[in-house]
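S.K.:
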Amino acid sequence: MRAAPSADLIARFAAIVGPSHALTDPLDQARYLVEWRDLYRGETPLVLRPGTTREVAAILRLAHETGTAVVPQGGNTGLVGGQTPVPGSGEIVLSLERLNRVRAVDPAGGTLIAEAGVTLEAVQAAAAEAGRLFPLTLGSQGSCRIGGNVATNAGGTAVLAYGNMRDLVLGLEVVLADGRVLNGLKRLRKDNAGYDLKQLFIGSEGTLGVVTAAALKLFPQPAETAVAFAGMATPQAALALLVRARTAAGFGLTGFELMIGRGLDFAVRHIDGARRPLACPHGWYVLVEISGNLADGGARRAMEACLTEALDAGEIEDATMAQSGAQAADFWRLRHGMSEVQKFEGGSIKHDVSVAVNEVPDFLDEAIRAVEAAFPGCRPVPFGHMGDGNIHFNVSQPVGADKAAFLAEWDRMNALVHAVVARYEGSVAAEHGVGRLKQALLEAGKDPVEIDLMRALKDALDPRGILNPGRVLADRRAD
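First residue of the sequence shown? That's 8 in the numbering used here, and the numbers climb one at a time after it.
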């Protein structure tokens, strides 16, 4: 543990942002200290809320000089504890929520520059106002922020068509650990002049630098969208449907989300006004979205052909297409509510994993068998982005079980699921990141050469180890 900052040092930090944006009262700090799932509760001597890149730079310059640990935070929607200060550690919170300007929108060039504290939803709205699309879509888009999306290489439901955040960033403005500013907000589609430095910071979870602004790619808005809900018996059938949908729609396949039947049961039970899209229950469901650039009914025809062929082949048992934008939104609401509704079913042990797309069905079969055998009565609730191989393999407690006792089995459950992931050469941190929750898993599972290179980067860019210590890599410094 590092020494907590002295009263004099706290005053020096506060002078940078002004007293109203330097929070020391626990009541004022409270919303910055509790992680969304309540797995982590933090403690800090100070929350700083800078309003400019210059203030962020001054904060990090002082932190570097004094060896003060800094925890960058965006919308506080992270799920692996990376944004929560460790109690007793003396870590200060650097909230970027006041860096909330959209600096520029270029519809012709297909770019938008947003500061780190702009919410994802606000970026989507700014793009839409300019007649363009920013395709990153997350359940937390009303509260998560662009800086956090960059820092965690956010994925979401449209990765199969547009890529994750790493594919959507053209340039970054980053404050380095010593307070220097990397002015990299280029909007170039091609730039082979040296190393692509922005990629170092995308997905680095605030351990190599603090992102203060990003130049983002925009796309044409789809002229039409067809959304369908299909029921099937197995994930193998869902994979067959995915192949058909890719063939029918090509790059127009913009969503393919898999849900176990139990997950839909939870959603219908706990989301106000939710209704089952299909008359009869099914073992598994898929939400499919096909988009088109021409308003000529092509997206709907492609969807109809895909579903008809799948029904004729016996791959799916039933399907329905949304008849309006409102009904399509209702379908998506069922999917986006899948994480939240599990709270109402007691304790939930969660895994954010990925395997090769063609191996998703076999992985699910094996992982479900493993947890059900080890934890009789547990209720697996896997769902996620089958189109890119990312599955949120969550497990809810048995009905009537003691929540605390079930959650106490977190490590044993993780070991079971992650062992299956390893057999498929997958990843234990697909889109939520590593943070504190998976730090030991990362070091245990990565190739030693990869770990050595990661440490070399960390030591080069943050020699005093002040940026998010103990996240991603173990904290080896306390100076």
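Where is the CB? At the ideal position from N, CA and C, for every residue including glycine.
Mind pulling the alpha helix (DSSP H) runs of 4 or more residues that sit fully within the stretch 395-428?
M.R.: Taking only runs of at least 4 residues, the alpha helix (DSSP H) segments lying wholly in the stretch 395-428 are 410-414.
S.K.: Taking M393 as part of the beta strand (DSSP E), name the residues at either end of that continuous run.
M.R.: Counting along the chain, M393 falls outside any beta strand (DSSP E), and DSSP gives it neither H nor E.
S.K.: Give me, in chain order, the residues of the same chain whose beta-carbon lies closer than 6 Å to that of L40; leave out the 5 immediate sequence neighbours on both sides.
M.R.: Answer for L40: G49, listed in chain order.
S.K.: Which of helix, strand or coil does DSSP assign to P142?
M.R.: If DSSP states are grouped into helix, strand and coil, P142 belongs with coil.
S.K.: For L207, which residues in the same chain have their Cβ closer than 7 Å to its Cβ, ignoring the five residues on either side in sequence?
M.R.: Answer for L207: L215, L464, listed in chain order.
S.K.: On a CA-only basis, which of G259, A286, T261, G262 is nearest D272? Give me that one, please.
M.R.: Minimum Cα distance to D272 is reached at A286.
S.K.: Starting from T60, trace the beta strand (DSSP E) both ways and give me its first and last residue.
M.R.: Looking at the DSSP string, T60 is not in any beta strand (DSSP E); the run it does join, the alpha helix (DSSP H), is 60-73.
S.K.: Would you tell me roughly how many angstroms separate the C-alpha atoms of L248 and L341, rounded to the nearest one?
M.R.: Rounded to whole angstroms, L248 to L341 spans 20 Å at the Cα level.
S.K.: Check the DSSP bridge columns for Y292 and list the partner residues they point to.
M.R.: Answer is G238, M266, bridged to Y292.
S.K.: Quick one: which unbroken beta strand (DSSP E) runs of 3-plus residues sit fully inside the stretch 200-239? Chain order, please.
M.R.: If we require 3 residues or more, the beta strand (DSSP E) runs fully inside the stretch 200-239 come out as 217-224, 231-239.
S.K.: If I follow the unbroken beta strand (DSSP E) through P79, where does it start and stop?
M.R.: It spans 77-80 - the beta strand (DSSP E) in which P79 sits, taken as one unbroken run.
S.K.: Would you tell me roughly how many angstroms separate the C-alpha atoms of V217 and F263, rounded to the nearest one?
M.R.: If you take the alpha carbons of V217 and F263, they lie about 33 Å apart.
S.K.: In whole angstroms, give me the CA-to-CA distance for T51 and K205.
M.R.: When rounded, the distance between both Cα atoms is 30 Å.
S.K.: Closer than 8 Å is the cut-off here; do at least three beta carbon pairs connect the stretch 82-96 with the stretch 111-120?
M.R.: These segments do not touch.
S.K.: Apply the 10 Å Cβ neighbour rule to T126 and answer buried if 16 or more other Cβ atoms are within range, or exposed otherwise.
M.R.: So T126 counts as buried.
S.K.: Let me make sure I understand the geometry here. Which of N397, P288, E136, M420 has the alpha-carbon closest to that of R386?
M.R.: Measuring from the Cα of R386, the nearest candidate turns out to be M420.
S.K.: Find the nearest neighbour of R56 within the set W43, I398, D35, judged by alpha-carbon distance.
M.R.: Among W43, I398, D35, the Cα nearest to that of R56 is on D35.
S.K.: Go ahead and label E122 buried or exposed: buried means 16 or more other beta carbons lie within 10 angstroms of its beta carbon, across all protein chains shown.
M.R.: With 16 or more Cβ atoms within 10 Å of its Cβ, E122 is classed as buried.
S.K.: Measuring alpha carbon to alpha carbon, tell me which residue in P229, H343, A320 is nearest D303.
M.R.: Minimum Cα distance to D303 is reached at P229.
S.K.: What's the C-alpha gap between D486 and G74?
M.R.: Confidence is the limiting factor: at D486 the pLDDT is only 43, short of 50, which leaves the residue's position unreliable, though a coordinate-based value still follows. Going from the Cα of D486 to the Cα of G74 covers about 6 Å.
S.K.: Would you call the stretch 125-139 and the stretch 357-366 in contact, with 3 or more CB pairs under 8 Å?
M.R.: Contact fails: fewer than three Cβ-Cβ distances are below 8 Å.
S.K.: By Cβ distance below 8 Å, which residues in the same chain neighbour G178 in space, the five residues on each side in sequence not counted?
M.R.: Hits under 8 Å: G191, L192, K193, R194, L195, K205, A221, A222.
S.K.: Just list the beta strand (DSSP E) runs in the stretch 353-390, keeping only unbroken ones of 3 residues or longer that don't cross its boundaries, in chain order.
M.R.: The qualifying runs are 359-361.
S.K.: Given a cut-off of 7 Å, decide if A255 and E322 are closer than it, judged by their beta-carbon atoms.
M.R.: Their beta carbons are not under 7 Å apart, which means E322 does not touch A255 by this criterion.
S.K.: Taking its Cβ as the centre, do 16 or more other Cβ atoms sit within 10 Å of L101, making it buried, or is it exposed?
M.R.: It is buried - the Cβ of L101 has at least 16 other Cβ atoms within 10 Å.
S.K.: Using 10 angstroms around the beta-carbon of K224, count the other beta-carbons present and answer buried if the total reaches 16, otherwise exposed.
M.R.: With 16 or more other Cβ atoms within 10 Å, it is buried.
S.K.: Just to confirm my understanding: we take V406, look at its own chain, exclude 5 residues before and 5 after, and list those with CB closer than 6 Å. What are they?
M.R.: Result list for V406: empty, nothing under 6 Å.
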